[in-house]
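Heads up: the structure comes next, in structure tokens.
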Amino acid sequence: MRALYTISGNLPLIGHIAFGIIDRGTNLLQVRPTSFCPLSCIFCSVDAGPRSRNRIAEFMVDERYLVEWFVETVKVKKLESAHAYIDAVGDPLTHPRIIELVRLLKNTGRAISISLETHGALLTEKLAEKLEEAGLDRINLSIDSLDKEKARVLSGTPWFDVERVIKVAEHIAKNLSIDLLIAPVWVPGYNDEDISRIIEWALRIGAGKKHPPLGIQKYEAHKYGRKVPGVKPLRWRDFYKRLRVWEEQYGIRLILSPQDFGIVKAPRVPLAFEVGEKAMVKVVGPGWLKGQWLATSRNRVVTVVGVTGQSPVGQQMRVEIVRNKDNIYIAKLLW
Ligand code: SF4
Numbered sequence: 001m002r003a004l005y006t007i008s009g010n011l012p013l014i015g016h017i018a019f020g021i022i023d024r025g026t027n028l029l030q031v032r033p034t035s036f037c038p039l040s041c042i043f044c045s046v047d048a049g050p051r052s053r054n055r056i057a058e059f060m061v062d063e064r065y066l067v068e069w070f071v072e073t074v075k076v077k078k079l080e081s082a083h084a085y086i087d088a089v090g091d092p093l094t095h096p097r098i099i100e101l102v103r104l105l106k107n108t109g110r111a112i113s114i115s116l117e118t119h120g121a122l123l124t125e126k127l128a129e130k131l132e133e134a135g136l137d138r139i140n141l142s143i144d145s146l147d148k149e150k151a152r153v154l155s156g157t158p159w160f161d162v163e164r165v166i167k168v169a170e171h172i173a174k175n176l177s178i179d180l181l182i183a184p185v186w187v188p189g190y191n192d193e194d195i196s197r198i199i200e201w202a203l204r205i206g207a208g209k210k211h212p213p214l215g216i217q218k219y220e221a222h223k224y225g226r227k228v229p230g231v232k233p234l235r236w237r238d239f240y241k242r243l244r245v246w247e248e249q250y251g252i253r254l255i256l257s258p259q260d261f262g263i264v265k266a267p268r269v270p271l272a273f274e275v276g277e278k279a280m281v282k283v284v285g286p287g288w289l290k291g292q293w294l295a296t297s298r299n300r301v302v303t304v305v306g307v308t309g310q311s312p313v314g315q316q317m318r319v320e321i322v323r324n325k326d327n328i329y330i331a332k333l334l335w
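Mapping of the sequence shown onto UniProt numbering: position 299 corresponds to residue 299, and the numbering continues sequentially without gaps.
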């Protein structure tokens with residue numbers, strides 16, 4: 001049984017990888033409203049879904065609170081506006097008020113564009129239409145195989161129906177203003193031939209009205225992610241070599257850069273802690289993964305790692321910051 005954090009003013013929204021706002025020093029902000037996922041993809045780099053083995057907590061953020069932090073972060077970065085990229089260590093469509101989140105982001109007047117990534121398990125034609133009406137510009141849709149059985153195996157989910165997702169995608173490409181970027185995860189030995197078929201299908205249905213139609217993703221074996229038995233991730237060199245062959249074959253660009261999406265460097269949110277710094281944090285509960293506690297300090301969330309036992313909620317603890325990349329804070333306990 002995992003703990004559930006419902007966040008609406010009780011926690012800061014910068015500092016954690018699994019929820020809130022992530023700034024990586026560009027004019028794009030990742031907006032993470034939820035960590036839930038209905039699927040359990042066999043290659044999932046963040047070990048999401050019902051079959052997760054490392055998670056002990058999930059997060060759900062109130063959309064109004066999240067948008068307040070989006071606007072505040074844009075201001076702190078001294079920007080007029082930023083791209084809002086709704087993603088998750090799960091699937092953003094599990095947020096029950098995802099339409100409202102898009103609408104609120106749009107209403108701020110501070111979102112250059114609003115896009116969302118999903119594997120499509122919860123996407124319907126109706127939902128896509130409502131997202132369009134709320135102001136969504138693009139969906140990055142991961143479809144890893146057009147074959148029903150293979151898609152089920154890859155999704156680790158017996159009820160997953162890729163044919164339904166394909167129909168919704170075709171409706172979006174044909175009838176809605178939302179742009180589609182098809183983003184399959186290429187798992188060598190599993191869906192090699194499927195990638196060509198997905199490219200042909202994406203081009204046929206008219207994905208990529210304004211931006212590139214495809215963004216092929218490389219399977220990676222992450223420390224806390226799920227690893228596909230017997231599959232060795234491709235070397236980047238070999239991955240790009242294959243992308244170049246497909247580029248040539250289909251006359252499209254598959255090796256993409258941030259500029260393709262209007263993403264440029266921008267001032268970062270200043271760091272709240274330096275690596276090596278010792279600080280007091282207040283423990284608020286269990287962490288996202290086993291062996292972690294969640295804590296706060298200086299209006300940031302801090303993950304305390306390497307701990308055992310129940311989280312001493314409410315207690316002040318002395319920690320040393322061991323990681324601060326992109327304002328995501330990891331600390332170890334000082335006894
Ligand atoms: S890859 Fe995406 S859709 Fe699949 S389990 Fe992970 S988060 Fe969910």
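Ideal Cβ placement from N, Cα and C applies to all residues, glycine included.
Host alpha helix (DSSP H) of residue i (start-end)
i, result
"ARG300", "Segment 300-305 is the beta strand (DSSP E) holding ARG300; no alpha helix (DSSP H) there."
"ASP194", "192-205"
"SER155", "148-155"
Closest residue to residue i among the options (Cα-Cα distance)
i, options, result
"LEU28", "ILE56, ALA272, ALA279, SER113", "SER113"
"GLN217", "GLU277, LYS174, LEU141, ALA128", "LEU141"
"GLU129", "MET1, ILE99, GLN259, ARG51", "ILE99"
"GLY156", "VAL228, TRP246, GLN249, LYS325", "VAL228"
"LEU105", "ARG55, GLY25, GLU68, VAL275", "GLU68"
Rounded Cβ spacing between residue i and residue j (contact assumed at less than 8 Å)
i, j, result
"VAL168", "LEU146", "Their Cβ separation, rounded to whole angstroms, is 14 Å, which puts VAL168 and LEU146 out of contact at 8 Å."
"VAL165", "ILE199", "The pair is not a contact, with the Cβ atoms about 17 Å apart (cut-off 8 Å)."
"SER40", "GLY49", "4 Å"
"ASP91", "CYS37", "5 Å"
"TYR65", "GLY9", "6 Å"
"LEU4", "VAL284", "In fact, because the Cβ distance is near 13 Å, the residues do not count as touching under 8 Å."
"PRO188", "LEU234", "6 Å"
"VAL319", "VAL281", "5 Å"
"residue 343", "GLY206", "Beyond the ends of the chain as shown, which are 1 and 335, falls residue 343; an answer cannot be given."
Residue i versus residue j: straight-line alpha-carbon distance, rounded
i, j, result
"THR296", "TRP288", "14 Å"
"ILE93", "GLY20", "For the sequence presented, residue 93 should be read as Leu rather than Ile. Taking the straight line from one Cα to the other gives about 15 Å."
"GLU193", "TRP236", "19 Å"
"ILE321", "GLY309", "21 Å"
"HIS211", "VAL313", "47 Å"
"GLU80", "VAL74", "7 Å"
"PHE160", "SER45", "19 Å"
"ASP62", "ARG103", "14 Å"
Residue i beta carbon near the ligand SF4 (any heavy atom closer than 7 Å)
i, result
"GLY49", "yes"
"SER40", "yes"
"ASP147", "no"
"ASP91", "yes"
"HIS222", "no"
"residue 336", "Lying outside 1 to 335, the shown extent of the chain, residue 336 is not represented and no answer is given."
"VAL46", "yes"
"HIS119", "yes"
Host beta strand (DSSP E) of residue i (start-end)
i, result
"VAL31", "28-32"
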